[in-house]
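K.L.:
Respectively, the protein sequence lines represent chains V and W.
Counted the way full-length UniProt numbering counts, the first sequence spans residues 1 to 338.
Counted the way full-length UniProt numbering counts, the second sequence spans residues 1 to 226.
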Amino acid sequence: MRQEHFVKRHQPEWNAFEQWLDARGQQVKRARMSRRQWHGLADHEMPARYRRLCQQLALARRRGYSPLVTDRLQQLMQRGHGLLYRTPPPRWRRVVEFLLAGFPRLVRAERGCMAASALLFWLPLLVVFVAIQLTPELSSSLFDPAQLMQFESMYDPDDPLRKLGRDNGTDVAMFGHYVWNNVSIGFRTFASGLLAGIGAVVVLIVNGIMIGGVAGHLQAVGHGDPFWRFVAAHSAPELTAIVIAGGAGLRLGLNLVAPGQRRRIDALVDGGRRGALLCLGVLAMLVFAAFVEAFWSSIAWMPAWIKYSVGAALWTLTLLWLWRGGRNHDLAEVGETA
Amino acid sequence: MLDTYREVVTPEGVALHLPAAGPVPRALAWLLDLMIRFGIVFVAAMVLGVLGRSGAGFNAVVLFLVYWFYPVLFEALWDGRTPGKRTLGLRVVAANGAPVGWLAAFTRNLLRVVDMLPFGYAAGLVSSLFDPWGRRIGDMVAGTLVVHDVRAQTPSPTPVDHVMAPPVALQPYEQAALVSFAERGPRLTQARQEELAEFATPLTGARGTLAVTRLYGMANWLLGRR
Chain V
1 MRQEHFVKRH QPEWNAFEQW LDARGQQVKR ARMSRRQWHG LADHEMPARY RRLCQQLALA
61 RRRGYSPLVT DRLQQLMQRG HGLLYRTPPP RWRRVVEFLL AGFPRLVRAE RGCMAASALL
121 FWLPLLVVFV AIQLTPELSS SLFDPAQLMQ FESMYDPDDP LRKLGRDNGT DVAMFGHYVW
181 NNVSIGFRTF ASGLLAGIGA VVVLIVNGIM IGGVAGHLQA VGHGDPFWRF VAAHSAPELT
241 AIVIAGGAGL RLGLNLVAPG QRRRIDALVD GGRRGALLCL GVLAMLVFAA FVEAFWSSIA
301 WMPAWIKYSV GAALWTLTLL WLWRGGRNHD LAEVGETA
Chain W
1 MLDTYREVVT PEGVALHLPA AGPVPRALAW LLDLMIRFGI VFVAAMVLGV LGRSGAGFNA
61 VVLFLVYWFY PVLFEALWDG RTPGKRTLGL RVVAANGAPV GWLAAFTRNL LRVVDMLPFG
121 YAAGLVSSLF DPWGRRIGDM VAGTLVVHDV RAQTPSPTPV DHVMAPPVAL QPYEQAALVS
181 FAERGPRLTQ ARQEELAEFA TPLTGARGTL AVTRLYGMAN WLLGRR
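(1) Is the CB of residue 316 (chain V) under 9 Å away from at least one CB in chain W?
(2) Along the chain, where does the alpha helix (DSSP H) that runs through residue 45 (chain V) open and close?
(3) Which residues in chain V have a C-beta closer than 8 Å to the C-beta of residue 137 (chain W)? List them in chain order.
(4) Take residue 28 (chain W) as the anchor and find which of W:50, W:85 and W:39 has the nearest alpha-carbon.
(5) State the Cα-Cα distance for the pair residue 200 (chain W) and residue 163 (chain W), rounded to the nearest angstrom.
(6) Quick test of the definition: if touching needs 3 or more C-beta pairs under 8 Å, does the stretch 254-270 of chain V touch the stretch 144-164 of chain V?
(7) Does residue 92 (chain V) pass the burial test, meaning 16 or more other C-beta atoms within 10 Å, or should it be called exposed?
(8) Does the pairing of the stretch 240-254 of chain V with the stretch 275-283 of chain V give three or more beta-carbon distances under 8 Å?
(9) Are any of the Cβ atoms in chain V nearer than 9 Å to that of residue 106 (chain W)?
(10) Expressed to the nearest angstrom, what Euclidean distance is found between the alpha-carbon atoms of residue 341 (chain V) and residue 128 (chain W)?
(11) What does residue 132 (chain V) reach in chain W if we use C-beta pairs closer than 9 Å?
(12) DSSP state of residue 104 (chain V), grouped into three classes?
(13) Relative to the C-alpha of residue 25 (chain W), which residue among W:198, W:89, W:206 and W:81 is closest?
(14) Where residue 252 (chain V) and residue 112 (chain V) are concerned, what is the direct C-alpha to C-alpha distance, given to the nearest angstrom?
(15) Taking DSSP's pairing of strands, which residues face residue 282 (chain V) in a bridge?
(16) Would you mind telling me which residues of chain W sit closer than 7 Å to residue 66 (chain V), beta carbon to beta carbon, in chain order?
(17) Exposed or buried, residue 119 (chain W), counting other C-beta atoms within 10 Å across all chains shown (16 or more means buried)?
(18) Taking CB distances under 9 Å as the criterion, tell me whether residue 161 (chain W) reaches chain V.
(19) Quick one: what's got a C-beta closer than 7 Å to residue 344 (chain V)'s C-beta in the same chain, skipping five residues either side?
(20) Anything in chain W within Cβ reach of residue 51 (chain V), meaning under 8 Å, just list it in chain order.
(21) Determine the contact status of residue 257 (chain W) and residue 105 (chain W), defining contact as a CB-CB distance below 9 Å.
(22) Going by the DSSP bridge assignment, what does residue 5 (chain W) pair with across the sheet?
(23) Any chance the CB of residue 291 (chain V) is under 8 Å from a heavy atom of the ligand MG?
(24) Less than 8 Å between the CB atoms is what I'm expecting for residue 218 (chain V) and residue 308 (chain V), so what's the real figure, rounded?
(25) Do residue 300 (chain V) and residue 178 (chain V) have their CB atoms nearer than 9 Å?
(26) Where does residue 218 (chain W) fall in DSSP's three states?
(27) Going by beta-carbon coordinates alone, are residue 37 (chain W) and residue 66 (chain W) separated by less than 9 Å?
(28) Taking the straight line between their C-alpha atoms, what separation do you get for residue 222 (chain W) and residue 87 (chain V)?
(29) Roughly how many angstroms lie between the CA atoms of residue 54 (chain V) and residue 22 (chain V), to the nearest whole one?
(30) Just to confirm the assignment, what range does the beta strand (DSSP E) spanning residue 91 (chain W) have?
(31) With distance defined between alpha-carbon atoms, name the residue in W:98, W:188 and W:138 nearest to residue 112 (chain W).
(32) Between the beta-carbon of residue 61 (chain W) and the beta-carbon of residue 291 (chain V), is there less than 9 Å?
(33) For a contact meaning CB atoms closer than 9 Å, what does residue 177 (chain V) contact in chain W?
(34) Can you name the residues of chain W whose CB is closer than 8 Å to the CB of residue 190 (chain V)?
(35) Starting from residue 98 (chain W), find everything on chain C with Cβ-Cβ shorter than 8 Å and list it in chain order.
(36) Using a 10 Å radius around the Cβ and a threshold of 16 neighbouring Cβ atoms, would you call residue 336 (chain V) buried or exposed?
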């Protein structure tokens, strides 16, 4: 068939297809609103029309029609493909489902990396803490004197009216600061795992040493009580989230170093997908932790036993959630949730 | 590294054409986005500055959102284009040519952390020079690709209404070359048209203006205008 005949015969179809793309293929909300005014192609006809267009494109290619025709068909095809194969929009129900069930399952699925990450974080923390109790001078080799002064003034037991863990700044200001600071650390911990896992290992160990150092120093100079009252509640979501981000980073690094029987790029894409899902959970945990830290942990007048019970409850809940969450769920695949 | 064109065969058996974008337009788009982000942070700081100390908290949240989620939101909601990419005619797509999803957009922007190492996106630049489709490390892990947006072509009217049968049977690719010459020729200068047409002197047996006219005539014949 000559090109002109081909074009003449199919032109109306192509125009209808293009009109549909222009009018209905854009935003879902707008398309739904203008549903009644639409008199062109019916939506359910689209897949069939799209396949027909693909066949016409293949024919036009095979017969060596001019670039003008094939380019037009190619463009229509690419637009149609983009529309038919787009990912569905996220739903709120699925977000809740992911946080309650999918995320703990994903964490448990990576239990090896999570255990390694926890070890890399908690071991330096405890070692430094114990070491400073035995030889208090050690803390001055970790921090310079100005920093030590600042820590001490933030948890001064002789000043019971001021807020715990604060130099200055209101609750809201500190909330913003914690979100920005902690979530950025969490995300960086994951992403730096791509450097063969070394980045994540370094971040975990350094954070462990720093936190252990601060806790050890305050305990050693006798400011332990306000410090523990401050960290009791928010430490559960915060430290667990950092460990999980580190575990996701280790997984990514491991997939780079030892892809197993897959192509390296496939292993990386898989690690990246799981890691990004884990990061979404880490984001939620850290925002929650920032909320607790800013509005609850800093309250100084609260009796210690309430603070410690809330802390214990949050630790129990966090671990229980990660251990049991999503056990009774028969979701086919965790990755499908997002 | 030289051929940046990626063809992906869809389930329907036709190929998607994905012209991968190199580091220069991407860096320019990134710079534009950076300026927009600075603008947003600046305006937010001015407005929230009125609120005093708690304003600083909201400001930190704005900073957080702009730093980590500005590209994610635009890429996921606006067909893979941030304002900067839109200006430069770029688009992020999945490696199989489908639109980029939320998770992939999130992944590729999280991993900017690695591409930025050790300074100024050096790792991303090196990786995009070595990758056949100019992807930075974050793109590889997220399974995405930055492509040039295909521009729409305006069809040109047929230049002459003269018809002439080619003296010999032509191969399909030769026919395609002739027809595309006829379609694009009118947009060139007369001298350039003649220069191009004279490559086909063995076919037309003519030079100068006559060669151009004869080629147009053969194109008309091939298009079935008889």
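Glycine included, every Cβ here is placed at the ideal spot set by N, Cα and C.
P.N.:
Once the coordinates are examined:
(1) no
(2) It is not in any alpha helix (DSSP H) - residue 45 (chain V) carries neither H nor E in the DSSP assignment.
(3) 194
(4) W:85
(5) 17 Å
(6) no
(7) exposed
(8) yes
(9) yes
(10) What the structure shows of chain V is the stretch from 1 to 338, and residue 341 (chain V) is not part of that stretch, so it cannot be assessed.
(11) Within 9 Å Cβ-Cβ: nothing; residue 132 (chain V) doesn't reach chain W, min ~31 Å.
(12) helix
(13) W:89
(14) 13 Å
(15) Looking at the DSSP assignment, residue 282 (chain V) forms no beta bridge with any residue, so it has no partner.
(16) 176, 179, 180 and 183
(17) exposed
(18) no
(19) For residue 344 (chain V) there is no data in the structure shown, the boundaries of chain V being 1 and 338.
(20) 12
(21) Past the edges of chain W, shown from 1 to 226, lies residue 257 (chain W), and the structure says nothing about it.
(22) W:19
(23) Among the components modelled here there is no ligand, and therefore nothing to report on the ligand MG.
(24) With 8 Å as the limit, residue 218 (chain V) and residue 308 (chain V) do not qualify as a contact, their Cβ atoms being about 16 Å apart.
(25) no
(26) helix
(27) yes
(28) 43 Å
(29) 19 Å
(30) 90-94
(31) W:138
(32) no
(33) 56, 57 and 60
(34) 110
(35) Looking for chain C here will not work: the only protein chains present are V and W.
(36) No answer about residue 336 (chain V) holds up, because its pLDDT of 46 lies below 50 and its placement is not dependable.
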